[in-house]
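Q:
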Amino acid sequence: MSLVDQIAQADERALAASGLACLDRCIPLLGGDDDILRPLWASLVEGHEWEERLAKVRAELGAGVRAEADADGTFEAEAAGLVRRMLEAIPAQAPADALRQWADACSVAALQIHRLLDPADDETSVAARREGRTDGMPPLAAAELRRQITILEVVTGHGAAGLRQARDVSTEGRRVLQAVVSRRARGRA
2 MSLVDQIAQA DERALAASGL ACLDRCIPLL GGDDDILRPL WASLVEGHEW
52 EERLAKVRAE LGAGVRAEAD ADGTFEAEAA GLVRRMLEAI PAQAPADALR
102 QWADACSVAA LQIHRLLDPA DDETSVAARR EGRTDGMPPL AAAELRRQIT
152 ILEVVTGHGA AGLRQARDVS TEGRRVLQAV VSRRARGRA
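The opening position of the sequence shown corresponds to residue 2 in our numbering, with each subsequent residue numbered one higher.
Structure representation (structure tokens):
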């Protein structure tokens, strides 16, 4: 089943985890620490306080986000802008339609970010990649696509119990992205 089909069929918890995991993997581009989204992950497990915890996360990230993202016209600045839009678009209330739209947008943004940061060219559209056409896909973006699929599968298959594994998959992806960003920064220095 393609990523697009999985998002179309996912329940509210899987959609929230999918969007949150995309944001979590990309948060280093905003200068957020590794645990900044932990309260939202906890909210998915506990099933309450989403709005309050979301407001706190946005407040914590809000101060440094705009200045860093607007600093220059680099790929990193463009990628940070995509992350900022993911953060700003998180639905405060979590009806399935709003979560589905947000999770879908986060999926596209996260794949686009990984394409921007991958030195390999990819002529195939993100939409085609999400529909399952993965031949010749650059490694960084291919790994991101696999993570997105895995997260939807584990949360759909295991519910709240799958959230820990989803967070672990996301943490691995965040570390990979941090390494890529660091390597690019060293290359410019």
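Just so it is clear, CB atoms sit at the ideal spot from N, CA and C, and this is done for glycine as well. Given the structure is predicted, the values throughout are model-derived calculations rather than measurements.
1. Terminal residues of the continuous alpha helix (DSSP H) containing residue 96?
2. Any idea what DSSP makes of residue 37, helix, strand or coil?
3. For residue 121, which of helix, strand or coil comes out of DSSP?
4. Please name the residue, chosen from 51, 169, 111 and 80, that lies closest to residue 20 on a Cα-to-Cα basis.
5. Could you check what DSSP says for residue 157 in three-state terms: helix, strand or coil?
6. Have a look at residue 156 and residue 186 and give me their C-alpha separation to the nearest angstrom.
7. Please report how far the alpha carbon of residue 70 lies from the alpha carbon of residue 173, in whole angstroms.
8. Could you have a look at residue 136 and say whether DSSP puts it in helix, strand or coil?
9. Check this for me: beta carbons of residue 22 and residue 150, under 8 Å apart or not?
A: Taking the definition as stated:
1. Here the question's residue 96 lines up with position 95 in the sequence shown. Note, residue 96: premise wrong, no alpha helix (DSSP H); not H, not E.
2. Position 36 of the sequence shown holds residue 37. In the structure shown, residue 37 sits in coil (DSSP, three-state: anything other than H, G, I, E or B).
3. Position 120 of the sequence shown, counted from the first residue, corresponds to residue 121. Residue state for residue 121 is assigned as coil, using DSSP reduced to three classes.
4. Your numbering for residue 20 matches position 19 in the sequence shown. Checking every option, the nearest Cα to that of residue 20 belongs to 111.
5. On the sequence shown, residue 157 is found 156 positions in, with the first residue counted as 1. DSSP places residue 157 in helix when its eight states are reduced to three.
6. Translated into the one-based positions of the sequence shown, residue 156 becomes position 155. Translated into the one-based positions of the sequence shown, residue 186 becomes position 185. The alpha-carbon atoms of residue 156 and residue 186 are separated by roughly 35 Å.
7. Numbered from its first residue, the sequence shown carries residue 70 at position 69. Numbered from its first residue, the sequence shown carries residue 173 at position 172. Summary for residue 70: the model assigns pLDDT 43, below 50, so the residue's position carries little reliability, and this model does not support an answer.
8. Taking the sequence shown and counting its residues from 1, the one referred to as residue 136 is at position 135. In this structure, residue 136 counts as coil in the three-state DSSP scheme.
9. Taking the sequence shown and counting its residues from 1, the one referred to as residue 22 is at position 21. Taking the sequence shown and counting its residues from 1, the one referred to as residue 150 is at position 149. Contact flag unset, no.
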